[in-house]
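One structure is given here, and the rest of the page talks about it.
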Amino acid sequence: MYFGLSEDQLFFQENVSRFLEDHASLDVIKKITEGEGQNLQKEINSGLVNLGINGLLVPEEYGGLDLDLLFAAAVSQSLGENVAPFSFLGPYVMAPIALSHGSSNEQKRKYLSDIAENKIKFAIGFTEFIAARNGSGVTFKNNKVNGRLMFVLDIEGATHLLLADESGCIGIVDLADKNIEIVKLTTVDKTRSYSEVILDDVSVDLLEKSLKDNFVINKTIDAGRIILAADSLGASSTLISKAVEYSKERRQFGRTIGSFQAVKHMCAEMAADLEPCYAFVWHAAHCFDNIPDESRLMSCHVKSHVSDVSKVIAKKATEVHGGMGFTDLMGIHYWFKRIGVNRQNLGPPEIVREEAAKIQNL
Amino acid sequence: MNLNYGPEYKNFKKEVISFCKKWEGVHFVDEAKSPLTPITKVGGKKITRTKWQSILIREGYFARSIPKKYGGYGGESDVIKNRIIASEFSNHGVPSPMGGQGIDMLVPTLLELGTEEQKKQYVEKTLLGEIIWCQGYSEPNAGSDLASLQTKGELVEGNWIINGQKIWTSTAQYSQMMFCLVRTEPEAKKHAGISYLLIPMDTSGIEIRPLVDMTLKAGFNEVFFTDVRIPEANIVGKRGEGWAVANATLTHERGSLTDPNGTMNRVNSLIDRMKKETIDGKKLIDIPVYRDKLMGLQAKVMAFQSNSLRVLSAKINSGQDMKMAGMIQKYYGTELRHELEGFAVDVMGEIGTLYEDSPHLRDKGSWQFLYMYYLGLIIGGGTSQIQKNIIAERGLGMPREPKVQGV
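Heads up: the protein sequence lines correspond to chains Y and P, in order. Quick note: the first sequence uses our numbering, first residue 50, plus one each step. Quick note: the second sequence uses our numbering, first residue 2, plus one each step.
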């Protein structure tokens, strides 16, 4: 019995972290998010692809590394720690999972191989299946798709879009299609990209197995939720380290603020709340790979729980930094915002908890 | 990640299950000697507690790693086997071995630091439940700051003469012995002046007064010492080393107070209760606000279960880092349990406040009782605030509070 990340997983995770420390410092991230770092962004993208991040979940027969979701969760933790300006969730987690489980052999050969070779990149438009907001939704008819997707993930640099209707049928469209209009959305988190997509009679390649039942879309969303939880876990762990470090340096009333019990207790509460989240995220990813019966409930609960814990940490860690925590100078807000957006992606906590209740027939 | 225990444990589990089936329904002829002894089913074989303890030791289901010459099974310590035993006993409703402060705290201390004579005199009898122990640590003015304790011990003509008072002494009224911290070196510095003494509770000069707590049960006692005389040899470790002797066991107590699987059983009981209970004809489980909070708590308990697997793994696989995961357990587990029991009272509303033998009482009043009982556990064994100091200082490396001048 061994509960935790394996040596291989830790090694891969460290490689990602080391690369990001060297190439995606906060200064670099600031430049990119202010729109002045296109070359720096390219360097980050190609560096991470060189590490094999794009083929992580692609089966071996299509040229991928054929690793499991726990591996991807370990990577996502590192990306979150460093608020990496990088699209991981959509193109390299949800797309390969959906294609592996839902597509025909012909589709697999076409798309999965291209993901592994870094020729194509998927954005994800599943929000309408989880909770459709006013005036959004798509319909499939005669291999065409019409409608509007309100909140597409990872549109930056994407060549294709994996989209779902309200009933959970999944299709693929080529973003080069002229009948697609992309409206970029601005969220608080500028390390990743979001958009509205309007489709007017666009050709769609449907995933056959997703038409039968909701297995494929649920499996894909489960994976996505675990990866988002891992990202928030990483972001939260950085916030705690930063708060503790700052509290040991900053002096007021003739002593470091970290020696005040009020500050110590805030940090202890953050650490105590976050610590079980490591085990929970790894456990959920392990169940996703090996114990499918427990997997759906685990991924719902890990998403909503880590979202709630991270929200509180984002607040408290900012507070420990005092006024400086509120400034752009210190940059704490990058982690605060990353956590804020992760929380809403693929279902905010209350919606996901209702899903958890339904999974248990409650 | 590998959650399989392997073939050796599969066989062990089978053995334990067949043992449990053989003894299903076993219960005790003698009265519970202590409130900490387990509640058992009625029906099946009747047996004395001492006999039951000796069967469990013989089979290796209790006192596994304690040497045979001191009354144990004499095997290797094995956390996975312990876990299998605990979960199968609980699944089959077979009474688990006795716990309590003698078995959980004194025995490990004696095995590590006691003399050969002390080990022979006390360990086996304690394991069999023939000697029940209580712990004499806290005093009215020495709680979180335990090392400031003032109960005095003077060595006069080969005897310790003890005067003072202890408080929060659970099971004192059932105990034959107390392991006690006493100030024997008044000239030495705070921590260096304490000794760890073993006191027979029938010695003259000891008075026990039950201390009724908010649950209206006398879970604790006050114990008063007036010229209590015990032999000089009843000391563990040397004079003035009592603080170090006690610390070996305090660490143990903190880890053992909370069980995530027990908490998950409570979540499941609460789900059952919420399916039965209604407001205005609507089941509680169908009321969105309650559903949401219930799911939130279930998630939190699952996180705690995962955390305990990680702690278990670190005990088996050397070199795995789990310092923080272990350190948070007392704080996290007691607060979580209190929150859960309190939520259950809330969903039942006024019915949730019923107590003792009131009409309309649900689940024997256990939600309200445990809601209060766990507040006791949040405070006892190092309060949540003390736990946060430990997490911050030892876990996160934050600076200690500056000492107040002149204390």
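Even for Gly, the Cβ is constructed at its ideal location relative to N, Cα and C.
Under 8 Å between C-beta atoms, does Leu112 of chain P make it to chain Y?
-> False, the Cβ-Cβ gap to chain Y never drops below 8 Å.
Span of the beta strand (DSSP E) around Phe385 of chain Y = Judged by DSSP secondary structure, Phe385 of chain Y falls outside any beta strand (DSSP E) and instead within the alpha helix (DSSP H) spanning Ile381 to Gln393.
Along chain Y, which residues have their Cβ under 7 Å away from the Cβ of Ser359 of chain P?
-> Result: empty, since nearest Cβ-Cβ is about 29 Å, beyond 7 Å.
First through last residue of the alpha helix (DSSP H) which encompasses Ile275 of chain Y | Phe264 to Glu298 is the span of the alpha helix (DSSP H), which, as asked, contains Ile275 of chain Y.
Quick one: is Met179 of chain P buried, meaning 16 or more other Cβ sit within 10 Å of its Cβ, or exposed?
-> By the 10 Å Cβ count, Met179 of chain P comes out buried.
Count the other CB atoms within 10 Å of the CB of Arg387 of chain Y; is the residue buried (16 or more) or exposed (fewer)?
-> Counting Cβ neighbours within 10 Å, Arg387 of chain Y comes out buried, since at least 16 surround it.
Quick one: what does DSSP say Met179 of chain P is sitting in, helix, strand or coil?
-> Note: Met179 of chain P maps to strand in three-state DSSP.
Give the straight-line distance between the Cα atoms of Val265 of chain Y and Gly151 of chain Y, rounded to the nearest whole angstrom.
-> If you draw a straight line from the Cα of Val265 of chain Y to the Cα of Gly151 of chain Y, it comes to about 6 Å.
What residue ranges within the region 51-92 of chain Y form continuous alpha helix (DSSP H) runs of no fewer than 4 residues, ordered along the chain?
-> Complete alpha helix (DSSP H) runs here, min 4: 56-72 and 75-82.
So what's Asn167 of chain Y in DSSP terms, helix, strand or just coil?
-> Coil, per DSSP.
Determine the contact status of Asp338 of chain Y and Leu119 of chain Y, defining contact as a CB-CB distance below 8 Å.
-> Their beta carbons are under 8 Å apart, which means Asp338 of chain Y touches Leu119 of chain Y by this criterion.
Taking 8 Å as the CB-CB cut-off, is Lys389 of chain P touching chain Y?
-> At least one C-beta of chain Y is nearer than 8 Å to the C-beta of Lys389 of chain P.
Beta-carbon proximity list for Gln406 of chain P, same chain, < 6 Å, skipping 5 on both sides = Residues of the same chain with a CB within less than 6 Å of the CB of Gln406 of chain P, apart from the 5 flanking positions on each side, do not exist.
Pro145 of chain Y, buried or exposed, once every other Cβ within 10 Å from all chains shown has been counted against 16 | Counting other Cβ atoms within 10 Å of its Cβ, Pro145 of chain Y reaches 16 or more and is therefore classed as buried.
Straight-line Cα distance separating Gly307 of chain Y from Gly372 of chain Y | CA-CA distance, Gly372 of chain Y to Gly307 of chain Y, rounds to 16 Å.
Thinking C-alpha only, which one of P:Lys15, P:Gly350 and P:Asn164 is nearest Asp281 of chain P?
-> Considering only P:Lys15, P:Gly350 and P:Asn164, the residue with the shortest C-alpha distance to Asp281 of chain P is P:Gly350.
Compute the Euclidean distance between the alpha carbons of Asn183 of chain Y and Asn228 of chain Y, then round it to the nearest angstrom.
-> Their Cα atoms are separated by approximately 22 Å.
State the Cα-Cα distance for the pair Gly398 of chain P and Cys316 of chain Y, rounded to the nearest angstrom.
-> It is roughly 11 Å from the alpha-carbon of Gly398 of chain P to the alpha-carbon of Cys316 of chain Y.
Anything in chain P within Cβ reach of Thr305 of chain Y, meaning under 8 Å, just list it in chain order.
-> Chain P residues near Thr305 of chain Y: Pro400.
Please classify Arg395 of chain P: does DSSP put it in a helix, a strand, or coil?
-> Helix, per DSSP.
Specify whether the region 244-263 of chain Y and the region 383-400 of chain Y touch according to this definition: at least 3 beta carbon pairs, one from each stretch, less than 8 Å apart.
-> Contact between the region 244-263 of chain Y and the region 383-400 of chain Y is absent: fewer than 3 CB-CB pairs across the two stretches fall below 8 Å.
How big is the Cα-Cα spacing for Ile40 of chain P and Asn308 of chain P?
-> The predicted model places Ile40 of chain P with a pLDDT of 45, which falls under 50 and marks its position as unreliable; any figure quoted below should be read in that light. Distance between the alpha carbons of Ile40 of chain P and Asn308 of chain P is about 28 Å.
For Gly389 of chain Y, which residues in chain P fall below 8 Å Cβ to Cβ?
-> In chain order: nothing, as chain P lies at least about 19 Å away.
Neighbourhood of Lys239 of chain Y by C-beta distance below 7 Å, restricted to the same chain and skipping five residues each side = The beta carbon of Lys239 of chain Y sits closer than 7 Å to the beta carbons of Thr82 from its chain, once the five residues preceding and following it are set aside; these are given in chain order.
Quick one, are the C-beta atoms of Lys82 of chain P and Phe13 of chain P less than 8 Å apart?
-> Yes.
Which same chain residues, not among the five before or five after Glu404 of chain Y, have their C-beta less than 6 Å away from its C-beta?
-> Cys349, listed in sequence order.
Residues of chain P with CB under 9 Å from Leu411 of chain Y, in chain order?
-> The contacting residues are Ile272, Met275, Lys276, Ile286, Asp287, Arg292, Leu295 and Met296.
Would you call the CB atoms of Leu89 of chain Y and Phe68 of chain Y closer than 8 Å?
-> Cβ distance not < 8 Å, so Leu89 of chain Y and Phe68 of chain Y don't count as in contact.
Interface positions of the region 299-321 of chain P facing chain Y (Cβ-Cβ less than 9 Å), listed along the chain | Taken in chain order, the members of the region 299-321 of chain P whose beta-carbon sits within less than 9 Å of a beta-carbon on chain Y are Gln299, Ala300, Lys301, Met303, Ala304, Phe305, Gln306, Ser307, Asn308, Ser309, Leu310, Arg311, Val312, Leu313, Ser314, Ala315, Ile317, Asn318 and Gln321.
Using the C-alpha atoms, what's the distance from Ile276 of chain Y back to Met435 of chain Y?
-> Outside the shown range of chain Y (50 to 411) lies residue 435 of chain Y, about which nothing can therefore be said.
Rounded to whole angstroms, what's the CA-CA distance from Ala311 of chain Y to Glu16 of chain P? Just pull it up for me.
-> About 52 Å.
Closer than 7 Å by beta-carbon distance: list the chain P residues that pair up with Gly53 of chain Y, in chain order.
-> Proximity of chain P to Gly53 of chain Y at the Cβ level (cut-off 7 Å) is accounted for by Met2, Arg311, Ser314 and Gln321, in chain order.
For Thr259 of chain P and Lys331 of chain P, believed in contact at Cβ under 8 Å, the rounded distance = With a Cβ gap of about 6 Å, Lys331 of chain P and Thr259 of chain P count as contacting.
Chain P within 8 Å of Gln310 of chain Y, Cβ atoms only = So, interface residue.
Name, going along the chain, the residues of the region 323-354 of chain P whose beta-carbon falls closer than 7 Å to a beta-carbon of chain Y.
-> Answer set for the region 323-354 of chain P: Met325, Ala326, Ile329, Tyr332 and Tyr333.
Below 8 Å between beta carbons: does that hold for Leu313 of chain P and Glu340 of chain P?
-> For Leu313 of chain P and Glu340 of chain P, no; Cβs fall outside 8 Å.
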